[in-house]
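**Student:** This is the structure, below, for whatever I ask next.
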Amino acid sequence: MKIWTSEHTFQHPWETVTQAAWRKYPNPMNPAVEAIDIVDRKVSNGVLQTHRLISSKWGLPSWASTLLGADKTCYASEHSEVNPRKKIMTLLTKNITFCNEVSVVEKLTYSPHPSKVDCTLLKQEAVVTIKNVPLSSYIEDYLTKMISSNANKGRQAMEWVIGKINNEVQELTQKTVKGMDEFTVTAKKGISVVEDLTTSAKKGMNEFNHFAEETLPNLHFEK
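Here you go:
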């Protein structure tokens with residue numbers, strides 16, 4: 001059995017990082033993940049609980065594929081919980097493919113950094129166990145190194161997604177400002193039209209009153 005642990009600090013708030021975690025795949029940094037499907041999702045006591053099925057390619061070397069059996073697509077089950085009140089997001093992933101020979105259990109926890117404002121601490125832990133397969137220690141070492149490499153790619157992918165989110169927010173803000181500016185211009189034009197109509201109406205009334213004052217006294221009505 002091999003245990004791998006790691007910590008990483010994102011220079012972004014917890015809300016942004018957890019949003020990026022949901023949108024992490026697909027990404028150009030780790031094309032091995034082919035698809036993620038939601039199996040179940042519910043809210044219990046204010047905690048969002050989600051079960052997802054992950055389809056990916058392990059990219060095992062030929063000797064490992066010979067020992068374990070070659071599966072083109074590998075599947076894993078992911079259970080996650082998001083507690084917005086405590087600001088904790090936990091993801092627990094376990095492989096389904098090769099589960100009789102290989103057990104890979106990975107846990108990720110996102111929480112606000114205890115000492116850095118507007119930063120998020122990611123804690124990762126993976127436990128690799130090989131059962132009833134020759135060269136088990138060698139395979140455990142190989143898979144542990146692969147997990148470490150994928151973790152680095154995953155952090156790069158998170159930054160990539162966060163960049164997309166920030167761009168989307170910026171574009172939305174620009175569209176909102178533009179919309180407000182257009183509304184303000186339209187409103188001012190409308191006010192100007194109303195003012196012109198009011199001025200014209202007042203002018204018309206003044207002209208009518210002036211006409212009436214000059215004309216009515218000179219009118220003679222037959223009795």
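In full-length UniProt numbering, the protein residues as written are 1 to 223. We treat Cβ as the ideally placed atom computed from N, Cα and C, and that holds for glycine.
Is the Cβ-Cβ distance between Thr97 and Glu34 less than 8 Å?
**Tutor:** no
**Student:** Is DSSP giving Gln11 helix, strand or coil here?
**Tutor:** coil
**Student:** For His51, which residues does DSSP report across the bridge?
**Tutor:** Asp40 and His79
**Student:** Kindly identify the DSSP beta-bridge partner or partners of Glu106.
**Tutor:** Thr93 and Ala126
**Student:** Per DSSP, Ile139 is paired with what?
**Tutor:** Answer is none; Ile139 lacks a bridge partner.
**Student:** For Thr43, count neighbouring Cβ atoms within 10 angstroms of its own Cβ and tell me buried if that reaches 16, exposed if not.
**Tutor:** Position check: residue 43 holds Val in this sequence, whereas Thr was assumed. It is exposed - the Cβ of Val43 has fewer than 16 other Cβ atoms within 10 Å.
**Student:** Less than 8 Å between the CB atoms is what I'm expecting for Asn100 and Ala76, so what's the real figure, rounded?
**Tutor:** About 15 Å; that fails the 8 Å criterion.
**Student:** Which of the three DSSP states is assigned to Lys22 in this structure?
**Tutor:** According to the sequence shown, residue 22 is Trp rather than Lys. In this structure, Trp22 counts as helix in the three-state DSSP scheme.
**Student:** Is the segment 144-162 in contact with the segment 22-32, if contact means three or more CB pairs nearer than 8 Å?
**Tutor:** The answer is yes - the segment 22-32 touches the segment 144-162, with three or more Cβ pairs under 8 Å.
**Student:** How many Å lie between Met205 and Val169 at the Cα?
**Tutor:** Take the alpha-carbon of Met205 and the one of Val169: they are about 53 Å apart.
**Student:** Mind checking Glu106: buried by the 16 CB within 10 Å criterion, or exposed?
**Tutor:** buried
**Student:** Mapping DSSP to helix, strand and coil, what is Thr73?
**Tutor:** coil
**Student:** Kindly give me the distance between the Cβ atoms of Thr5 and Met89, rounded to whole angstroms, as I take these residues to be in contact under 8 Å.
**Tutor:** The pair is not a contact, with the Cβ atoms about 18 Å apart (cut-off 8 Å).
**Student:** Starting from Ser200, follow its DSSP beta bridges and name the residues at the other end.
**Tutor:** Answer is none; Ser200 lacks a bridge partner.
**Student:** Can the beta-carbon of Glu78 be found less than 8 Å from the beta-carbon of Val47?
**Tutor:** no
**Student:** Where Ala126 and Asn150 are concerned, what is the direct C-alpha to C-alpha distance, given to the nearest angstrom?
**Tutor:** 12 Å
**Student:** Please report how far the alpha carbon of Lys145 lies from the alpha carbon of Asn45, in whole angstroms.
**Tutor:** 38 Å
**Student:** Determine the closest residue to Asn152 out of Leu92, Met1, Phe10 and Ser192, with distance taken between C-alpha atoms.
**Tutor:** Phe10
**Student:** So what does residue 237 bridge to, in DSSP terms?
**Tutor:** For the chain, the structure presents residues 1 to 223; residue 237 sits outside this window and is missing.
**Student:** What's the C-alpha gap between Lys2 and Gln124?
**Tutor:** 14 Å
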